[in-house]
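Reminder that position 50 of the sequence shown reads as 1522 in our numbering, one-by-one numbering, no gaps.
Backbone N, C-alpha and C define an ideal beta-carbon position, used for all residues, glycine too.
Just so you know, these numbers come straight off a predicted model, no measurement behind them.
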Amino acid sequence: MTGATPNVQNKRKTKVGRVVSDKMDKTIVVSVERLARHPLYKRVIRLTTKFKAHDETNDARTGDTVLIEESRPLSATKRWRLVEVVARVGDHGSPSEIVIDEEATSEAIHSAAHPGRHSSDEAEASADDADTAGTADGAAAPDATAEPADEGGPA
C-alpha cells in the first residue's frame, strides 16, 4: 500500500483571542485568556498567554477577536497563523449580546469554582432569604417612599 491517505483530519489546535498588537509587518500578537483553579488557594484565576501569529494580509487590527491555528515554525517566536477575524473592534452587536456573554462567563467561573453546585440553586436560596427577612417583631418596615421629616436645619 503506497500513497498518502486522502482524507486526513485537521488535528491542529485553534484558539480564540484578542489582538494586542499589530505593529509588526504580517505579524499580530494575540492574547488568549483561560480560567484555571489555583493549586493552593482553589480560587479560579484568569491566566493570559500571548501568541505571535502570521497575518499574511495585515487584516487584523488591535482589539479584534481572532481565530488562530497552530502551524510550523515561521520565525523564532511565531508558531501560529491567523485563520479568520471573528469580530472587529467596532462591530459589537446590541448591548444585550454583551450581557449574555457576561452571564455565560460568570456561569463558567462559578461552575469551575464550585463543582456540583449550580448558580440557579443559590439564586433561589438567596431570594427565599430575602422574602423571609424582616423586622424582629414582625412589624412592617417603614415606607421608603414617605417624605423625610424636616430636621429644622438651615435650608
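Q: Using a Cβ cut-off of 8 Å (strictly closer), state whether residue 1512 contacts chain D.
A: Chain labels in this structure do not include chain D; a single protein chain is all it has.
Q | Limits of the unbroken beta strand (DSSP E) element including residue 1526 | A | 1516-1526
Q. For residue 1490, which residues of its own chain have a beta-carbon under 6 Å away from its beta-carbon, when the five flanking residues on both sides are left out?
A. 1503, 1537
Q) Going by Cα to Cα distance, which pick from 1513, 1527, 1533, 1501 is closest to residue 1520? A) 1501
Q: Note down, in chain order, each residue of its chain lying with its Cβ closer than 8 Å to the Cβ of residue 1561, except the 5 sequence neighbours on either side.
A: 1533, 1534, 1535, 1536
Q. On the three-state DSSP scale, how would you describe residue 1534?
A. coil
Q: Give the single residue among 1550, 1513, 1558, 1482 whose Cα lies nearest to the Cα of residue 1525.
A: 1550
Q: Would you mind stating whether residue 1580 and residue 1509 have Cβ atoms separated by less than 8 Å?
A: no
Q.
Between 1559, 1576, 1483, which has its C-alpha nearest residue 1539's C-alpha?
A. 1559
Q. Does the distance from the CB of residue 1499 to the CB of residue 1527 come in under 8 Å?
A. yes
Q.
Buried or exposed, going by whether 16 or more other CB atoms sit within 10 Å of the CB of residue 1554?
A. buried
(Q) I'd like to check one pair, residue 1575 with residue 1484: are the Cβ atoms closer than 8 Å? (A) no
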